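Structure record follows, encoded as structure tokens.
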Amino acid sequence: MDFASISSSLIRLIQVHGPWIISVVVALESAGVPLPGETILVAAALLAAATNQIDIGIVVAAAAAGAIIGDGIGYTVGRRFGMPLLRKYGHYIRLDENRLLIGRYLFFRYGNAVVFFGRFIAVLRMFAALLAGANGMPAGRFFLFNITGGICWACVFGFGAHAVGTEIYKISETLSLVSLGLFIGAGSALSIIVRRYEIVLLRQAQRALPDG
């Protein structure tokens, strides 16, 4: 599917279902389901910049709420059922043994920062909450970084995309759609880089945690 098709599909989804669909998609992604949470946030922000169909404040609030709720669900599942559940069923959401080891290593090395900054990284965004719970991160500390991270992420990508879209739309409506394609393309490129960096992280994790 090309960028134009992705853009049209996401915008249509938002137009039909309204802001709540943003919360749902972001929440599911945050809980571990592989969905385009960040992309739908950017699409909604650009739609808000180009039309009066949706308010950017509502877009950001919906995304932040979805991020916080979804991470809360992921954390609760990880805390309640732990590594045994993730080892047994994690492959269904692309959370295999290697990624579990990387997750343990990241929490061992960076601690709280993984929950906050993981929100801004494609792969970690889906798994950070699950891994935080499974690795026994205290609930109070988790929710502090979860809430602040979710709000910051929604503001950065929501208001940021809206500002860019507003300026571009002044020049051309066509360029506004191009900007969405560029955002999606940048996200795809970042995902490729992150996947390649996983190999490096895995080697570091294997050295730091030889017992697996």
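Residue numbers (full-length UniProt numbering): 1 to 212. Note that the Cβ used here is the ideal one computed from N, Cα and C, for glycine as well. Bear in mind that the values here come from a model prediction, so they are computed numbers and not experimental data.
Asked, Found
"Cβ contact check for the stretch 47-54 and the stretch 71-81: 3 or more pairs under 8 Å", "no"
"Residues near Met1 in its chain [Cβ-Cβ closer than 7 Å; skip 5 each side]", "In this prediction, Met1 has a pLDDT of 49, which is less than 50 and means its spatial position is unreliable; what the coordinates show is noted afterwards. Correct list: empty, nothing qualifies."
"Proximity winner among Phe81, Thr148, Leu86 and Met137, relative to Leu106 (alpha-carbon distances)", "Met137"
"Secondary structure of Phe120, DSSP reduced to three states", "coil"
"Three-way DSSP call (helix, strand, coil) for Gln53 in this model", "coil"
"Extent of the continuous alpha helix (DSSP H) run through Arg104", "Glu97 to Tyr110"
"Straight-line Cα distance separating Glu38 from Phe120", "9 Å"
"Residue range of the alpha helix (DSSP H) that includes Ile21", "Trp20 to Ser30"
"8 Å contact criterion, which Val115 and Phe142 should meet: CB distance rounded", "6 Å"
"Proximal residues to Ala134 (C-beta, below 6 Å), its chain only, five neighbours per side dropped", "Gly78, Gly82, Met83 and Leu86"
"Environment of Arg99 [buried if 16+ CB atoms lie within 10 Å]", "buried"
"Beta-carbon proximity list for Gly155, same chain, < 8 Å, skipping 5 on both sides", "Correcting the residue identity first, residue 155 is Cys in this sequence and not Gly. Val60 and Ala64."
"Under 9 Å between C-beta atoms of Ala67 and Val33", "no"
"Which listed residue (Ile69, Glu97, His162 and Gln15) has its alpha carbon closest to that of Ala129", "Ile69"
"Contact under 9 Å by Cβ, Gly158 with Val42", "yes"
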